[in-house]
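Some notes on the structure that comes next.
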Amino acid sequence: MTTPPGLRERKKQATREALREAALRLAIEHGPDRVRVEDIAEAAGVSPRTYNNYFASREQAIVSAVTADREARVAAAVTARPADVRLADAVTDAVVEQYTDPGARGREALLLVTTRPALRDAFLDATAGVEPPLTAAIAARLDDASAPTARVLAASTAAAIRIALEGWLRPAGDAASPGAGGLVVAAGSPAGLLRAALAPLAPAFDAAEGRVGP
47 MTTPPGLRER
57 KKQATREALR
67 EAALRLAIEH
77 GPDRVRVEDI
87 AEAAGVSPRT
97 YNNYFASREQ
107 AIVSAVTADR
117 EARVAAAVTA
127 RPADVRLADA
137 VTDAVVEQYT
147 DPGARGREAL
157 LLVTTRPALR
167 DAFLDATAGV
177 EPPLTAAIAA
187 RLDDASAPTA
197 RVLAASTAAA
207 IRIALEGWLR
217 PAGDAASPGA
227 GGLVVAAGSP
237 AGLLRAALAP
247 LAPAFDAAEG
257 RVGP
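Numbering of the sequence shown is given in the working numbering, commencing with residue 47 and proceeding in unit increments.
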């Protein structure tokens, strides 16, 4: 049984949500280059010092609004799948579903992120956040919270997600450097790229479950 978060934790979560929502709203209204940390903090009703307790940069806050709670939703989707569903399929389906859903902010917010190099880099860096919750979800499926297997599989999944998204967010005229340039050439379907990047991990997931074949 999951213990509900306490008052302190709920306040922290509310502050984080206020900051990321203010960051994205201001970025859309004025352009991210014209938004300062002080502006975001003021809009959220907190001090710049408090802001720094939650985010290391304005880019991190803006991206957090776009990717809000995505990592937890991936883990929850894996946990919700029936036990007889292949773990590799459960993880792949959860990742594809959550990483291709633009969410409430839709295409406007995603366009903002993908057309700014600094935001694009922060968006790619955010993929590492899936590792902790996914580790817990995989460990629960394997019924072995102490083994490193779940962490290795989750870290590999995070790396595969980043590789797929790097391939999707390929700057115009520069296929090798996802951090360069301001324009993006969408390289195929994000869902297809994610499935292709995750496919090599399937044997490792199967071995962890003790499966002989698919």
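Using N, Cα and C, we set each Cβ at its ideal position, and we do this for glycine too.
On a predicted model such as this, the values are computed, not experimentally measured, just so you know.
In this model, Leu158 and Leu165 are separated by some 8 Å (Cα to Cα). Counted as a single uninterrupted DSSP element, the stretch harbouring Asp189 is not any alpha helix (DSSP H), since DSSP gives it neither H nor E. 9 Å or more divides the Cβ of Glu105 from the Cβ of Asp189. One alpha carbon belongs to Leu239, the other to Val141, and they sit about 11 Å apart. Taking C-alpha positions only, Ala126 is separated from Glu117 by approximately 14 Å. The C-alpha of Glu143 is placed about 19 Å away from the C-alpha of Leu199. Of the other Cβ atoms in all chains shown, 16 or more fall within 10 Å of the Cβ of Leu65; this residue is therefore buried. By the beta-carbon neighbour count (other beta carbons within 10 angstroms, threshold 16), Val131 is exposed. Apart from the 5 residues on each side of it in sequence, Arg62 sits with its Cβ closer than 6 Å to the Cβ of Tyr100 in its chain, given in chain order. Here Arg82 is exposed, its C-beta having fewer than 16 other C-beta atoms within 10 Å.
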